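Have a look at the structure below before the remarks.
Chains as they are written, first to last, in our numbering: chain A, 14 to 672; chain B, 551 to 636.
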């Protein structure tokens, strides 16, 4: 990717990061749509021999030969039996029955995680720079499990099974489905054993935001990644016939609109359909849009599809306006006609001008990349949000990483919009989604793994979370772009990843497989259900009081019951006690605790208030007692708990919900 | 419609309790295959899994899946889910 390394501080001091030869020992397995091996991003110049631990293969097939693999792309497999069982034999005129990426998504995620550095990368001149993965020297193994018709569980499970057997250290899954119970969720089941065998598993949190409770992949042994923005955008400058000026986002690079004002129409006024404002296929009246700029509302169909609808109806250009759901988030797309994306406020202003003027006109220009945009990061509107409906005692998402307007490698088999009619071919594309933020974390986890090869997946996840930042340098909370308000731990989890700090977190919340067994007992799972997940016999002791809140997780979620009090009396406060264990991963030191709570409704007592560690891997436990006043059902409140020795800050978000 | 539904095959992932493999079998694959043949003459195994789960995937009717679930050594019969790229 371009810009992300600088934004995350990766380029700053090479000495601080693990030596490239150590990073070269780490293997990232990507379950996705395959890869386009011809890209420069898979160049293996400067990489040493393939790690001796590697047992994977380079499966060949249509458009993919054994020479497609090298010391960067060290493994490539494809899994289609589940897909073909559902859809019939793959039509090789439509898609490659091989690890070849016909879509682009898998190439984008793989090169984001571990692409080799490529100078002069850009998309039509936008976002230019040196594109490199988060762990540019790590090795990539692609496991193609997603096809034109979707991604099927039996294929995904076969890929996880094979990837762990092949010897990957990190597994990256930018996909998701519904969230059934863990013992009914084949990805969660596969990820459990992968993590138990030392593999770090990161997954995208989903694009169901900003709705609350919209998360995917919430198993506590999976790292669940939300999306934020970079400090970069691609401004489009809009001028209306009344002289008013606005800014939007655009990646358009073709023949520009004339510099003179052009008639503008709101799609809702150029359609006979009740949902005409969304520019759905076949809903625009060509007589009313020919030669005009058309204002379309987001939603209903894909953003790029709207551009096709307007272009096919004879529109000269498109302004894509956010509805309330997306607020001021502006996603840039490589539309096939002059197009600009605008936030809800700008969209509403343009629509009211159109309604108030007999002959509304407008013009816009595009073509630049702007850096240093503030505030950044902000939470992407689409990024799925907590609370974790499956297990309210586990706070998800875990953290956020860049996922908006990310430039990375692309397939040579599809255009940047992915539309059939898009015949342009590019080496890099700019797209958005938690699919993009997940491989950022996968690559950064690989860096942490390279620096600390003996750390468990849970320790790596802890390092990434407890060093994440939840506020800007001015102390204000990271903004949620969908509301313009400060974000909460249900939006950002522990906060935005900070790789430099993650390499030296001081203390970690480590979690063993046995801890997860105890967690499953706390879920009241039967021994059969536990055996489905863990493939082992484990009997929960009837005499033990297993508590979900005691899973040694780097964050806190505290679901509270609103007591129903008869007679109007005052309900007594609720007291819950959580236990955590910290493992020292630095020199000897003494840490003191501090808590910040955003609301007086909960008193927080930490015991002890100071922890001293004399040697590495020494463990110390503490308890946190929450004394919560009764609050109306649906109330949410947040706090933060930090251990600091003056050099390291080990931060944890706390989320309270009253139901 | 009901008959079609009953005859319609879907992909299932069969989680097997490997620690309870009957003595009669030399290896898991044989056991898996025999289990499959016991509920369906025509079903083929799509994948067998051995690293992160123990079991296999195959296409069964609802009825065959219910029969499979009752067999000795079967931990779970989970219908395959479809996932979307994010």
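A virtual CB, placed ideally from N, CA and C, is assigned to each residue, including glycine. Bear in mind the structure is a predicted one, so any value in this text is a computation, not a measurement.
Just the C-alpha distance for residue 664 (chain A) and residue 604 (chain A), rounded to the nearest angstrom, thanks. 12 Å
Within 10 Å of its beta-carbon, does residue 21 (chain A) have 16 or more other beta-carbons around it, so buried, or fewer, so exposed? Around the beta carbon of residue 21 (chain A), 16 or more other beta carbons sit within 10 angstroms, so the residue counts as buried.
For residue 44 (chain A) and residue 623 (chain A), I'd like the C-alpha separation in whole angstroms. So the two alpha carbons sit approximately 43 Å from each other.
Under 9 Å by beta carbon: chain A residues contacting residue 612 (chain B): Near residue 612 (chain B) there are no residues of chain A at all, since even the closest Cβ is about 16 Å away, more than 9 Å.
Quick check: is the beta carbon of residue 534 (chain A) nearer than 8 Å to any beta carbon in chain B? For residue 534 (chain A), the answer is no, since every Cβ of chain B falls outside 8 Å of its Cβ.
Whose CA, out of A:263, A:152 and A:419, lies closest to the CA of residue 17 (chain A)? A:419
Per-residue DSSP class, three states only, for residue 599 (chain B): The answer is strand: DSSP assigns residue 599 (chain B) an E or B state.
Can you check whether the C-beta of residue 583 (chain B) is within less than 8 Å of a C-beta belonging to chain A? no
Could you tell me the alpha carbon to alpha carbon distance between residue 529 (chain A) and residue 163 (chain A), rounded to whole angstroms? 31 Å
Hey, residue 460 (chain A) and residue 512 (chain A) are a contact pair by Cβ (cut 8 Å); roughly how many whole angstroms apart? At roughly 6 Å, the Cβ-Cβ gap stays under 8 Å, so residue 460 (chain A) and residue 512 (chain A) are in contact.
Can you list the residues of chain B that residue 189 (chain A) reaches, using a CB-CB cut of under 7 Å? 633, 634 and 636
Assign residue 150 (chain A) to buried or exposed, taking buried as 16 or more other Cβ atoms, counted over all protein chains shown, within 10 Å of its Cβ. buried
Just the C-alpha distance for residue 222 (chain A) and residue 579 (chain B), rounded to the nearest angstrom, thanks. 44 Å
Paired residues, beta bridge with residue 608 (chain A) - DSSP: A:654
Which runs of the beta strand (DSSP E) fall wholly inside the region 151-239 of chain A and span at least 3 residues, in chain order? 152-157, 163-165, 183-186 and 213-217
When DSSP labels each residue in this structure, what does residue 262 (chain A) get in the three-state scheme? strand
With a threshold of 8 Å between beta-carbons, can residue 602 (chain B) be considered close to chain A, or not? Taking 8 Å as the CB threshold, residue 602 (chain B) lines the interface with chain A.
If you measure from the beta carbon of residue 167 (chain A) to each beta carbon in chain B, is any gap under 8 Å? yes
In the region 551-614 of chain B, which residue ranges form an unbroken beta strand (DSSP E) of at least 3 residues, counting only runs that do not cross its ends? Counting only unbroken stretches of 3 or more residues, the beta strand (DSSP E) elements lying wholly within the region 551-614 of chain B are 559-566, 595-599 and 605-611, in sequence order.
For residue 63 (chain A) versus residue 243 (chain A), is the C-beta distance shorter than 8 Å? Not in contact: residue 63 (chain A) and residue 243 (chain A) (Cβ atoms no closer than 8 Å).
Tell me where the alpha helix (DSSP H) around residue 543 (chain A) begins and ends. For residue 543 (chain A), the enclosing alpha helix (DSSP H) has its first and last residue at 540-547.
Can you tell me whether DSSP reads residue 563 (chain A) as helix, strand or coil? helix
Assign residue 309 (chain A) to one of three DSSP states: helix, strand, or coil. strand
Decide if the region 243-259 of chain A is in contact with the region 483-502 of chain A; the criterion is three or more beta carbon pairs, one per stretch, under 8 Å apart. no
Exposed unless 16 or more other CB atoms sit within 10 angstroms - verdict on residue 569 (chain B): exposed
Given a limit of 7 Å on CB to CB distance, which residues of the region 102-136 of chain A reach chain B? 118
Using a C-beta to C-beta distance shorter than 8 Å, which residues of chain B count as neighbours of residue 220 (chain A)? 636
Is the separation between the beta-carbon of residue 450 (chain A) and that of residue 414 (chain A) shorter than 8 Å? yes
Using the beta-carbon of each residue, which ones in chain B are nearer than 7 Å to residue 13 (chain A)? The structure shown does not extend to residue 13 (chain A), since chain A is modelled only from 14 to 672, so the question has no answer here.
Just the C-alpha distance for residue 234 (chain A) and residue 364 (chain A), rounded to the nearest angstrom, thanks. 47 Å
Quick one, are the C-beta atoms of residue 606 (chain A) and residue 654 (chain A) less than 8 Å apart? yes
Listed by chain order, chain B residues near residue 418 (chain A) by CB distance under 8 Å: Ordered by position in chain B, no residue passes the 8 Å Cβ test against residue 418 (chain A), which lies about 16 Å from the chain.
Could you name the residues of the same chain whose beta carbon sits closer than 7 Å to that of residue 324 (chain A), not counting the 5 residues immediately before and after it, in chain order? 349 and 350
Could you please give me the residues that DSSP links to residue 331 (chain A) through a beta bridge? A:307 and A:352
Length of the line joining the Cα atoms of residue 87 (chain A) and residue 626 (chain B): 35 Å
Taking 8 Å as the CB-CB limit, is residue 526 (chain A) close to chain B? It does not; no Cβ of chain B falls within 8 Å.
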